[in-house]
Structures are given as structure tokens and as C-alpha cells.
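Residue numbers (my numbering): 1458 to 1764. Built from N, CA and C at the ideal position, the CB exists for glycine as well. Computed from a predicted structure; not experimentally measured.
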């Protein structure tokens, strides 16, 4: 419990460290190295993708245990510091909030806001006006609440550092090879399905966390529950719709709306009641940032209660 609390405190205080040898970057480098070897041998089907994922996870866990053993041999406290360093490096709430705040600070300069938004979303940002930028930012904050915050935090609480490392490896693999394109349609299948699996329960529990945070902030907790149940399936992902719809209800706003990818409109539907506002502004984004922040101690308390 002490490790978890200190890691969360460091994350909230200093944010995710950015440097070349960050553990997630090293995981990505390892994945790419093994992928090249597999493709060179023709192991680029589903079974190759499964073996690739298992090998990356095993290697990451072996490196963690090896360094930990060496650190403990020098001094037991060094092993604890190694664990704390990894846990802190792999939790990223402050970084998520800071990316949202950068968009907020740039809302009066739309080109700058669009450029900042590209750090959060994969859609085309050039067609977006102020309201669309705000909606897209809130959507990304809500989606990443599950993917980047709740799942890693709860994995750490339930399974310790091995669980956290496995979750981050799977998420990294999904972001690198979990695409439905010619190269990765088969090889990336296991990464994509594994990512869906690890976020399945946290995505649904996120609705309760968001509703409770909304109650504490005197927003709209019942609307968060109702909207999540009604609108979660509007997104193609089996998981991201839950937290996005819950945030829409909690804030009583419409999200999503027109979405462009590669110059084509791929969505025009809205999440939320048609009577709710969709012309969102800085006040709405600030409320969303506060909502996400309040979710964190609630999620931490829930995770610690499982120990």
C-alpha cells in the first residue's frame, strides 16, 4: 500500500517523466526489435502475434526481476526504490491532465489548440472549431481515464508491479501493432483483443467512479449512469464508450459529433441528450478536468480496498 500511495503522490506532483530511456519507450523498442525478427522469419500471422506478445511480456518481467534482485543484493532499500521508480513512471494522471490544460490554455488561438489536440486524438483536427476542439478533448480525457489511469492503477493495486507491467506492455503493443491494416490485421490481433480484455471491467467500473465524482462536485451523477447505459454502444470500441458517455451525462453536455479522418467524415452522431448543449467552451473543459481529477482519489480508494 505504501508503494502505491507514494507512486501516486509522485505522479500527481511531478507527472510522467519524459526522457529517451523511459520504460514505455524501452518496451516499444523491444517490441519493434522482436517484431522485425518475427517478420523476417515469416512469423507474421495470429500465432506469431500471440508469441510476440508473450515474449515481450516475459522479457519485461524478467528484466524487472533481474534488476530488482541485483538491487536487493546491494541493499534491500534499493529494490524498493526500483519498484517505486517503475510504478511512478507507469502512472500518468498528471500528464493526461496537463495535456488537457494545454488545450485549455490555447483555446483563444485555434491553430495552437488544434496542434495541441493532436497529442490527444488521432482524428483530423484541422476542421475543428472551438466547440469541436473542446468536445474532442473531453472525449479523450474520458477515454484515457480508463485506458491510462484506472486500468494501470487497479492492476497495481490488485496484482502489484507484475500486473502494472503486463498492462502497460499490452497497451503499448496495442498502440503499436493493434491496427486493422494489411501488415497487422493478423499479427496485431492478439494485442488488440488483449487490450480490449484488460480494459473491459475498468471501463464499466469507471461509470460508477465518474458518477460518484459527479455527486461530490454537485454535477449530474444520475445522468452519468443513464447516459453510459444508453449511449456507450455509439462508439465502435467495446470499452471507451462507457467512460465517454458517463462524462457526457455527468457534465450534461453532448460529445462526439462530426469526426473527420483522412479528410472524410466518419461520424456525425452525438453522445448525450439532444437538448443538452454541444457548443462547448473553456468552462466545460475546466469542469471536465476537475471531474477527471476527482475520479483519481476515488479510484485509488477503491483499489486499496481490494487489498
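Whole-angstrom C-beta distance between residue j and residue i, which should lie under 8 Å
i, j, result
"residue 1666", "residue 1752", "5 Å"
"residue 1629", "residue 1520", "Not really, about 14 Å apart at Cβ, beyond 8 Å."
"residue 1736", "residue 1708", "The pair is not a contact, with the Cβ atoms about 13 Å apart (cut-off 8 Å)."
"residue 1499", "residue 1644", "About 11 Å separates the two Cβ atoms, so there is no contact after all."
"residue 1702", "residue 1688", "4 Å"
"residue 1513", "residue 1491", "6 Å"
Nonlocal neighbours in the same chain, by C-beta distance under 8 Å from residue i, ignoring five residues either side
i, result
"residue 1555", "1472"
"residue 1571", "1582, 1583, 1585 and 1590"
"residue 1529", "1535 and 1536"
Alpha-carbon spacing of residue i relative to residue j, whole angstroms
i, j, result
"residue 1502", "residue 1485", "20 Å"
"residue 1595", "residue 1647", "29 Å"
"residue 1584", "residue 1699", "26 Å"
"residue 1661", "residue 1637", "25 Å"
"residue 1474", "residue 1614", "21 Å"
"residue 1712", "residue 1607", "21 Å"
"residue 1526", "residue 1537", "11 Å"
"residue 1720", "residue 1575", "15 Å"
"residue 1746", "residue 1553", "9 Å"
"residue 1605", "residue 1749", "12 Å"
"residue 1467", "residue 1609", "15 Å"
"residue 1558", "residue 1743", "8 Å"
"residue 1690", "residue 1760", "27 Å"
"residue 1663", "residue 1686", "12 Å"
"residue 1653", "residue 1634", "14 Å"
"residue 1507", "residue 1728", "35 Å"
"residue 1622", "residue 1548", "11 Å"
"residue 1510", "residue 1684", "35 Å"
"residue 1641", "residue 1534", "43 Å"
"residue 1489", "residue 1675", "47 Å"
"residue 1632", "residue 1655", "14 Å"
"residue 1587", "residue 1580", "15 Å"
"residue 1515", "residue 1732", "51 Å"
Where residue i sits in the DSSP three-state scheme
i, result
"residue 1712", "strand"
"residue 1644", "coil"
"residue 1724", "strand"
"residue 1498", "coil"
"residue 1562", "helix"
"residue 1718", "strand"
"residue 1575", "coil"
"residue 1635", "coil"
"residue 1731", "coil"
"residue 1475", "coil"
"residue 1675", "coil"
"residue 1764", "coil"
"residue 1605", "helix"
"residue 1694", "coil"
"residue 1486", "helix"
"residue 1583", "coil"
Cut-off 7 Å between Cβ atoms - residues of its own chain near residue i, not counting five sequence neighbours on either side
i, result
"residue 1460", "1540, 1541 and 1544"
"residue 1739", "1561 and 1564"
"residue 1757", "1465 and 1610"
"residue 1569", "1563"
"residue 1619", "1518"
"residue 1718", "1580 and 1581"
Sequence-distant residues of its chain with Cβ nearer than 6 Å to residue i (five each side left out)
i, result
"residue 1651", "1627"
"residue 1669", "1755"
"residue 1723", "1716"
Burial state of residue i (16 or more Cβ within 10 Å)
i, result
"residue 1551", "buried"
"residue 1725", "exposed"
"residue 1493", "exposed"
"residue 1678", "buried"
"residue 1659", "buried"
"residue 1680", "buried"
"residue 1705", "buried"
"residue 1592", "buried"
"residue 1597", "buried"
"residue 1762", "exposed"
"residue 1603", "buried"
Short CB-CB distance (under 7 Å) between residue i and chain B
i, result
"residue 1499", "The question asks about chain B, but that chain is absent: this structure has only one protein chain."
Residue i Cβ short of 6 Å to the ligand FAD heavy atom set
i, result
"residue 1707", "No copy of the ligand FAD occurs in the structure displayed, which carries no ligand at all."
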